[in-house]
Amino acid sequence: MQRIAVLTSGGDGPGLNPCIRAVTRRAIKQGAEVYGVHWGYKGLLSGEITLLESRDVGGILGQGGTFLGTARCPEFADIQVRRKAIRTMNQHKINGLVVIGGNGSLTGALALHQMGFPAIGIPASIDNDIDGTDIAVGVDTTLNTIVDAIDRIKDTATSHQRAFLIEVMGRDCGYLALRSGLAGGAEMVLVPELEGPSLEKIADTVVDAYVAGKHHCILVIAEGWKPGTRAVADYLLNRTDLGFDVRVTVLGYVQRGGRPSVFDRVLASRMGALAADGLLNGETGKMTALRGRKLELFPLEEAVRQLRPLDTALVELADMLD
Ligand code: ADP
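Going by my numbering, the first residue of the sequence shown is number 1, and it counts up by one from there.
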């Protein structure tokens, strides 16, 4: 009998539970035994590995987070440590691994594959920075969480004629800021990939919005943009000519939680099933990827080579529609 394992690793986000559920149930239906590894790659070193039955993954489809837990395990970049992980899996007679996670986690899966241990990845990252797939698991839910927050902030901003700086996640990647800014009708979006306007120019945008008769001004700022949300806030709060009062909201970890959207549940279910099928059919070194209308297996080596670049066409569109 084939025995496979599944783990979630790296940054968390919505949609991980439906992935685990789909991998588990699909593999069981195909006659395999499935093991859940707790706390990402760390669990391969500590041996926190448990058998998953179909009922063990019941009731988690609509739950945020990951019931297996996730963790960073920097030492996994060391080949000796990975050898130990492979030994642990061999002891459990596990002959294939599904890794659900972001770029780092998928790099770990590729490293295991290159050492001869069969591994398949499922891209899960709220930043949508994984190359080779149109979208990763978790992105849709997170975007909807952010846009819901922007809509709510806009309500209160409009009531009081305020300008709001809304900081969203994205240390190196402006995807969430750009998409949510576009969908939320922000007057300005600031992303780490692009050098933003000067503080004076940002203030001009706020003044222009006021003069144009707008009742609010929304600036969406990715956390990794320099010089940062605080610098903009300090500058704007010292200006007395803006028209608007200025407020700051840092959305923070609320963006990582929550019930996965319909889109994420379906994507996670499809990707989980494909990953299980692939592994059981002898595929390795691949990642599930949505490419256009097709869900397919895509080489991990190509996927992790570079992060997905910012969609500059959307930057222009966001600028044009503000
Ligand atoms: P994410 O998967 O969300 O991008 P990280 O970049 O923190 O998050 O990576 C998660 C984990 O993946 C790391 O803690 C480590 O265990 C593993 N990993 C990252 N890079 C490598 C690498 N080059 N080789 C092996 N494992 C890696």
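Where is the CB? At the ideal position from N, CA and C, for every residue including glycine.
Quiz prompt | Any non-hydrogen atom of the ligand ADP within 7 Å of glycine 108 CB | solution = Translated into positions along the sequence shown, residue 108 becomes position 108. It does: the Cβ of glycine 108 is within 7 Å (strictly closer) of some heavy atom of the ligand ADP.
Self-check item: Same chain only: Cβ atoms within 6 Å of methionine 271, ignoring 5 sequence neighbours per side
Solution: As a working note, residue 271 is residue 271 in the sequence shown. These residues qualify, in order along the chain: Ile122 and Thr288.
Practice problem: Look up valine 248 in the DSSP assignment and give the residues it is bridged to. | Solution: For the purposes of this step, residue 248 is identified with residue 248 of the sequence shown, where counting begins at 1. DSSP, once it has assigned bridges, lists Leu165 as partnering valine 248.
Exercise. Could you round the C-beta distance between leucine 178 and leucine 314 to whole angstroms and report it? I think they count as a contact, below 8 Å.
Key: Taking the sequence shown and counting its residues from 1, the one referred to as residue 178 is at position 178. Taking the sequence shown and counting its residues from 1, the one referred to as residue 314 is at position 314. Confirmed, about 5 Å.
Quiz item: Does the distance from the C-beta atom of arginine 206 to that of threonine 229 stay below 8 Å?
Solution: As a first step, residue 206 is located in the sequence shown; it is residue number 206 there, counting from the start. As a first step, residue 229 is located in the sequence shown; it is residue number 229 there, counting from the start. Correcting the residue identity first, residue 206 is valine in this sequence and not arginine. No, Cβ-Cβ distance for valine 206 and threonine 229 is not below 8 Å.
Quiz item: In angstroms, rounded to a whole number, what distance separates the CA positions of asparagine 238 and valine 232?
Solution: In the sequence shown, the residue the question calls residue 238 occupies position 238. In the sequence shown, the residue the question calls residue 232 occupies position 232. Those two C-alpha atoms are separated by around 10 Å.
Self-check item: Exposure of valine 304, with buried meaning 16 or more beta-carbon neighbours within 10 Å
Solution: For the purposes of this step, residue 304 is taken as residue 304 along the sequence shown, with counting starting at 1. Counting Cβ neighbours within 10 Å, valine 304 comes out buried, since at least 16 surround it.
Quiz item: Between Arg265, Lys29, Met1 and Gly65, which lies nearest to leucine 7 when the distance is taken from Cα to Cα?
Solution: What you label residue 7 is simply residue 7 of the sequence shown in a count that begins at 1. Closest by alpha carbon: Gly65.
Quiz item: If you pair each beta-carbon of the segment 128-140 with each one of the segment 292-310, do three or more pairs fall below 8 Å?
Solution: Of all C-beta pairs linking the segment 128-140 to the segment 292-310, three or more are shorter than 8 Å, placing the two stretches in contact.
Quiz item: Relative to the C-alpha of glycine 170, which residue among Gln255, Cys217 and Leu112 is closest?
Solution: To locate residue 170, count along the sequence shown from 1; it is residue 170. If we check each option's Cα against that of glycine 170, Gln255 comes out closest.
Self-check item: Segments of 3+ residues assigned as beta strand (DSSP E) that fall wholly inside the segment 207-283
Solution: List check, beta strand (DSSP E) in window: 216-222 and 245-250.
Exercise. Report back the beta-carbon spacing between glycine 36 and threonine 50 to the nearest angstrom; my notes put them in contact at under 8 Å.
Key: By one-based count along the sequence shown, residue 36 stands at place 36. By one-based count along the sequence shown, residue 50 stands at place 50. With 8 Å as the limit, glycine 36 and threonine 50 qualify as a contact, their Cβ atoms being about 5 Å apart.
Practice problem: Locate the alpha helix (DSSP H) running through leucine 307, then write down its first and last residues. | Solution: Taking the first residue of the sequence shown as position 1, residue 307 is located at position 307. Run containing leucine 307: none; DSSP gives neither H nor E here.
Quiz item: Quick one: is asparagine 103 buried, meaning 16 or more other Cβ sit within 10 Å of its Cβ, or exposed?
Solution: To locate residue 103, count along the sequence shown from 1; it is residue 103. With 16 or more neighbouring CB atoms inside 10 Å of its own CB, asparagine 103 falls in the buried class.
Practice problem: Can you say whether leucine 274 is buried or exposed, counting buried as having 16 or more other CB atoms within 10 angstroms of its CB? | Solution: As a first step, residue 274 is located in the sequence shown; it is residue number 274 there, counting from the start. The residue in question, leucine 274, is buried, as its Cβ has 16 or more Cβ neighbours within 10 Å.
Quiz item: Just how far apart, CA to CA, sit glycine 62 and alanine 276?
Solution: As a first step, residue 62 must be located in the sequence shown, where it is residue number 62. As a first step, residue 276 must be located in the sequence shown, where it is residue number 276. Glycine 62 and alanine 276: Cα-Cα distance of roughly 20 Å.
Quiz item: Using a threshold of 7 Å, is the CB atom of alanine 111 nearer than that to any non-hydrogen atom of the ligand ADP?
Solution: Taking the first residue of the sequence shown as position 1, residue 111 is located at position 111. Flag set: Cβ of alanine 111 near the ligand ADP.
Quiz prompt | beta strand (DSSP E) segment containing proline 18, residue limits | solution = Mapped onto the sequence shown, residue 18 falls at position 18. Taken as a continuous stretch (DSSP letters only), proline 18 belongs to no beta strand (DSSP E), being part of the alpha helix (DSSP H) at 16-29.
Exercise. Using only the heavy atoms of the ligand ADP, determine whether one of them is closer than 7 Å to the beta carbon of alanine 265.
Key: Taking the sequence shown and counting its residues from 1, the one referred to as residue 265 is at position 265. Residue 265 is actually arginine in this sequence, not alanine. Arginine 265 has its CB no nearer than 7 Å to any heavy atom of the ligand ADP.
Quiz item: Under the three-state reduction of DSSP, which class applies to glycine 101: helix, strand or coil?
Solution: The sequence position of residue 101 within the sequence shown is 101, counting from 1. Here glycine 101 sits in strand by DSSP.
Quiz item: Is the Cβ-Cβ distance between leucine 279 and alanine 124 less than 8 Å?
Solution: Locating residue 279 in the sequence shown gives position 279, counting from the first residue. Locating residue 124 in the sequence shown gives position 124, counting from the first residue. Between leucine 279 and alanine 124, the C-beta spacing is not below 8 Å.
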